[in-house]
Each structure stands twice: as C-alpha cells, then as structure tokens.
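Heads up: the structure comes next, in structure tokens.
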Amino acid sequence: MINVSVCDDTNTTSLSSLSLPLPTPTCIPSPSLSLHSPPLSLPTSLSHPLSLSLSLSLSLSEKISGAEGTKLDEDFMEMERKIDVTNKSVLDLLTKTTEYLQPNPASRAKLGMLNTVSKMRGQVKTTGYPQTEGLLGDCMMRYGHDLGDQSSFGGALVDIGEAMRQMADVKDSLDISVKQNFIDPLQNLQDKDLKEITHHLKKLEGRRLDFDYKKKRQGKVPDEEIRQAVEKFEESKELAERSMFNFLENDVEQVSQLSALVEAALDYHRQSLEILEDLNTQLQNRISSASSRPKREFKPKSIMSSIETTDNTQHNGSYSSSLKSSESEVLDQPCARSLYDFEPENDGELGFKEGDIIILTNQIDDNWYEGMINGDSGFFPINYVEVIVPLPQ
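With the UniProt record's numbering, the residue at position 139 of the sequence shown is 139, and numbering never jumps.
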C-alpha cells in the first residue's frame, strides 16, 4: 500500500519506502524442432502517461543526478527476482532441450531451411531430423547386405542395423512427445504468462518514474496531478504484484511439464532397452550357431588352373615350358607372374613375356628381383611382375 498525504497549506507529500528494480528484457527467439515455434517478442512501448522518450529521459536523469527513486517493499522485489530467474530458465531450457534431442546444429539448421521451403511451396510433409541411430543402422545394413547371408559378420551387421533403425523411430517419438508436452507448454508460458507479467512490470516502472518526476516538482505541479500519479502507481503495483503472486503460487504446472519430459525420456530408454535385449539374444544365437557349425578346410586352387591354354601360342611357347612344373612345385617355392613383356637391355637381365611364371630366387633391392625361367636366370624389375608366393623374410 502506498500512503500519500497532500496538504494544501504545506504542499508536501509523504510516501512509504518502496523499491522496483528494472526488469530484464526477454526478446530472445525460442528454439524449435521440426515444427518451428514463433520467436518471442516484447511490447515496444510502455503503457503509462509519459511517452517512451520521456520515460527514458527521466530514468537517465535519475541515474545522472544520483537521486534515489521510490522503492518497493522486499516481498515485491523477491517475487520480481523469482520471475526474472524463471524467465531466464525457460529460455535456457528451451534451447538446451532442443540440443539434447537434436545435438547437431548443422542438421538442425538444414532441417529448418528445408521445412521453411516446404511451407513456402505449400507442401504438408516435413523433413525429419536425421537421428544418429538411423544413420548408423543404414551404414551397417548396407555393408551387411554386401557381405551376404553366408557371412556371420554380415548377418550380424544386418541385425544390428535393423535394431538401430527401430531405435531411430523410437527417438523420433521422443522428439514429438517432448515437443508437445514440454517445449510447447514452456513456449506458451513464455509467450503469455511471463510476457504479461513483464508488461505489468514495465508499466509499473513507467508510472514510478512519472510519480517521482512530479514529486520532485512539488509546488510547481498541481496536487491533483500528484494524487493521480500515486493512484496510477498504486494500481500498477497491485496488478504486477497480483500477476506475479498467482504465477508463483501455481508453479506446480511447471513441475507437471518437467514430469512429462522425464516420462518421455523413460519411455524412450525402456523401448530402447527392449530392442537391445532382443538384439543381444540374436547375436548370442549367431555366436552359438557359428561355434557348432562344422569347420571347413581350406583347399588351395592352383594358380595354373586360371591360365588359359589358348595363351600358349601367343607367348612363343613360354607357357608350355612353365606348365611342365607341377602344381605343388610352383606353390612350394617363391614365384611371380609377369604383367608385361620385358626385353633385356643389359647383361644379366632376365627376359620374359606377359603371363610367364617366374621362380624368385632373391630380391636385389627395392626395384629389382633375381629369378629363373626356362632354365635361364637373371635380374628383372619388380614392377613388371605380380608376386604369387613371396620370398621368405
């Protein structure tokens, strides 16, 4: 209650001790998921008798002169502090919750752009956020199918890939649930209740400045104007105080919204646990099946079987001489197959034709081998041959 007594003969005004810190502006746009919420905004003008420019001028004059304005009571200031903290917490929660659900900022930006373009084109369907579980699942399934059903590794990749895709679907459901039951209610709280309280506080501050201005000009300003300024000041204080009180008394609504966030996260993890438990059972079955399967023995195939006999006439009989060696003889000693024809240019070099099998006897350096073919021995370039059986280290 603001007590004011105005005496016509003394022309003095007395007030109780009041205080009102300036409210913190909150014009930060809210975050969004695939469905974009409108940015937050505050009124651009103060609703009090003085114009905005006069209000700012009075506030600036008050700061420069060092004059102390009318103060409000401690209960009022404490409520205003809690409202300010709540306002900041809602803004930060909106941002951090979006980052929790969709951590990749580049993907969020791209998603927002694509959905904006879709709306401009009149398209109803929107693009979903690329969940990391889905990306990993697609990768695993692609390589699993490439390896084929006969591969244990390939089959396991397909199993895990399918499970990851299921988890991506569950994550999409989490995004939708949190947006509907947590983000949207918080955004509505910011756009309506907190915005209305901020409006009342701004209006109160304007009327405080108006009252302080007229009080300082006492004697020059009619008493009736001072009375009106006090009444308006009192009216604005009651409105702001009542709105803050009602909001803080009903903050259990925000607890319900937090509970909805926890329930959505719990449901996501519960479903993910079921998917992973089923997947683990599948993988254990694959391991057991692979362990009980009879082992296959390796049966080497002769390199000579891949050489077409029709090539013999094209290589001046070089193949016919090399084919005289038995399969075991070729595989039991280091050898290489020539990739190109090589004509000796110096003494000691070994010539051969493309496709010849050369027995390796030594590696001279990084560029030259020593080998034998058709009873002849000599040196030849390493990059002219493909090693079949390497030299012992």
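Glycine residues also receive a C-beta, built at the ideal position from the N, C-alpha and C atoms.
Within 8 Å, strictly: CB atoms of residue i and residue j
i    : j    : result
G148 : G161 : no
L339 : F380 : no
L186 : L93  : yes
I382 : N367 : yes
S152 : R286 : yes
K88  : L248 : no
Q282 : D159 : yes
Y100 : K171 : no
N181 : A265 : no
L204 : K179 : no
I176 : T97  : no
Y129 : Q102 : yes
Residue i Cβ short of 7 Å to the ligand ADP heavy atom set
i    : result
S289 : Ligands are entirely absent from the displayed structure, and the ligand ADP is therefore not among its contents.
DSSP state of residue i mapped onto helix, strand, coil
i    : result
R337 : strand
G351 : coil
E386 : strand
P185 : helix
Y369 : strand
N280 : helix
F342 : strand
P381 : strand
Q257 : helix
S57  : Confidence is the limiting factor: at S57 the pLDDT is only 47, short of 50, which leaves the residue's position unreliable, though a coordinate-based value still follows. Helix at S57.
L391 : coil
S151 : coil
I103 : First, the residue type needs correcting, since residue 103 is Pro and not Ile in the sequence shown. In this structure, P103 counts as coil in the three-state DSSP scheme.
R242 : helix
T116 : helix
L194 : helix
K71  : coil
Y268 : helix
D138 : helix
D146 : helix
Same chain only: Cβ atoms within 7 Å of residue i, ignoring 5 sequence neighbours per side
i    : result
D341 : K353, E354
F76  : E241
A168 : Q131, E133, G134, G137
L239 : H200
Q166 : I275
Y384 : S338, L339, Y340, F342
L279 : D159, I160, A163
Residues bridged to residue i (per DSSP)
i    : result
I303 : Paired residue(s): none; I303 is not in a bridge.
D376 : I373
Q363 : Y369
I357 : R337
Q218 : V221
Cβ-based neighbour list, residue i, same chain, cut-off 8 Å, excluding 5 preceding and 5 following
i    : result
I364 : E370, F379
S272 : M167, V170
E196 : S243
Close Cβ partners of residue i (< 6 Å) along its chain, the five nearest in sequence each way excluded
i    : result
P392 : none
S19  : The predicted position of S19 is uncertain, since its pLDDT is 33 and thus under 50; a value taken from the coordinates is nonetheless stated next. K71, L72, M77, listed in sequence order.
M164 : E133, L136, G137
A260 : N181, F182
Any chance the region 203 to 216 sits against the region 227 to 237, with 3 or more Cβ pairs inside 8 Å?
yes
How do the region 110 to 125 and the region 230 to 249 stand: do at least 3 beta-carbon pairs fall below 8 Å, yes or no?
no
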